[in-house]
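These notes are about the structure you will find just below.
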Amino acid sequence: MFDVIEREFIYLGYYFLVQFRQIFLYWVIGMVIGSIISVFFKDKIHNLMRTMKGNGSSIIGIIFASALGVASPLCMYGTIPIAASFSKGGIRDEWLASFMMSSILLNPQLIVYSAALGFKVLMIRIVTCFLCGVVAGLVIKSFFKEKKFFRFENFNEPRNKDTDPNIFIRLLKNLFRNFKATGLYFLIGVILSAIFQRYVPQEAVTFVFGGNEAWGVLMASTVGVPLYV
Numbered sequence: 319m320f321d322v323i324e325r326e327f328i329y330l331g332y333y334f335l336v337q338f339r340q341i342f343l344y345w346v347i348g349m350v351i352g353s354i355i356s357v358f359f360k361d362k363i364h365n366l367m368r369t370m371k372g373n374g375s376s377i378i379g380i381i382f383a384s385a386l387g388v389a390s391p392l393c394m395y396g397t398i399p400i401a402a403s404f405s406k407g408g409i410r411d412e413w414l415a416s417f418m419m420s421s422i423l424l425n426p427q428l429i430v431y432s433a434a435l436g437f438k439v440l441m442i443r444i445v446t447c448f449l450c451g452v453v454a455g456l457v458i459k460s461f462f463k464e465k466k467f468f469r470f471e472n473f474n475e476p477r478n479k480d481t482d483p484n485i486f487i488r489l490l491k492n493l494f495r496n497f498k499a500t501g502l503y504f505l506i507g508v509i510l511s512a513i514f515q516r517y518v519p520q521e522a523v524t525f526v527f528g529g530n531e532a533w534g535v536l537m538a539s540t541v542g543v544p545l546y547v
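By the numbering used here, the letter at position 225 of the sequence shown is numbered 543, and the numbering carries on one by one without gaps.
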């Protein structure tokens, strides 16, 4: 009995180390780049969004807002409060929808993580997330022309934690917060991946996802939603 348990731990340890070595560098680089953008460029990105106000072409604004959302280092919980401040500043709802959608789906840190899956996957993720932002803006523009879509009365702009006067210390603090926020989930993800590789037969994965292309896409999307949350 103990021999079996020991053997399984050895197998799981092997799969864990393989996965860890493959993704660890991308995780570290992603954290560093995400922290650099958050400390030095976040305010510039958000100020670009604020300068749009209610001026300019709606379609161009949707495209621009979606691109800014991809570049923004905020996650879902940071995006919504900052979007509330944009709304109070007079930003159109369709532009807010574009920014929020693409910002929630992607950020510079996730772009680096996605590079671990290969260039094609990286490009597909960037393009599809950008297009999702554009589509969200177009939907709001088309169906909510006459009334306000977003209600942000109870939201306040998030407090800026990057305030240390020493730029280097400010960056280190941001990097540490980034590590605390993602480190545990990174390890859990690698452990789950190792367990999946060891105990889920490839035939079962092929049966669920690969038997029918349309069904496979639907199943992958269905499984992906709770995993994201």
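Don't be surprised by glycine CBs; every beta carbon is placed ideally from N, CA and C.
What you are looking at is a predicted structure, and each value in this text was computed from that prediction instead of being measured.
Residue burial classification, residue i (beta-carbon count within 10 angstroms, cutoff 16)
i: G352; result: buried
i: P483; result: exposed
Beta-carbon separation (whole angstroms), residue i vs residue j, contact threshold 8 angstroms
i: A383; j: F417; result: 4 angstroms
i: W413; j: I444; result: Wrong, their Cβ atoms sit about 20 angstroms apart, outside the cutoff.
i: Y431; j: Y503; result: About 12 angstroms; that fails the 8 angstroms criterion.
i: R488; j: V357; result: 6 angstroms
i: F334; j: I485; result: Incorrect: roughly 37 angstroms between the Cβ atoms, too far for contact.
i: L392; j: N425; result: 7 angstroms
Interface flag, residue i vs chain B, CB-CB below 7 angstroms
i: F468; result: Structure shown: chain B not included; a single protein chain is present.
As assigned by DSSP and simplified to three states, the class of residue i
i: E464; result: coil
i: A434; result: coil
i: D411; result: helix
i: P519; result: coil
i: D361; result: helix
i: L424; result: coil
i: N492; result: helix
i: F470; result: coil
i: T369; result: helix
i: P391; result: coil
i: S375; result: coil
Other residues of its chain near residue i: CB distance less than 6 angstroms, five sequence neighbours each side excluded
i: T397; result: M418, S421 and I422
i: G455; result: I380, E412, A415 and S416
7 angstroms Cβ shell around residue i - same chain, five flanking residues per side excluded
i: F467; result: D411 and I458
i: L386; result: I363, L366, M367 and F417
Query raised in the report: At a cut of 8 angstroms, does the stretch 492 to 512 reach the stretch 363 to 372 through at least three beta carbon pairs?
Result: Touching, no.
Query raised in the report: Should the stretch 423 to 438 be regarded as contacting the stretch 398 to 414, the criterion being three or more beta carbon pairs within less than 8 angstroms?
Result: Segments in contact, no.
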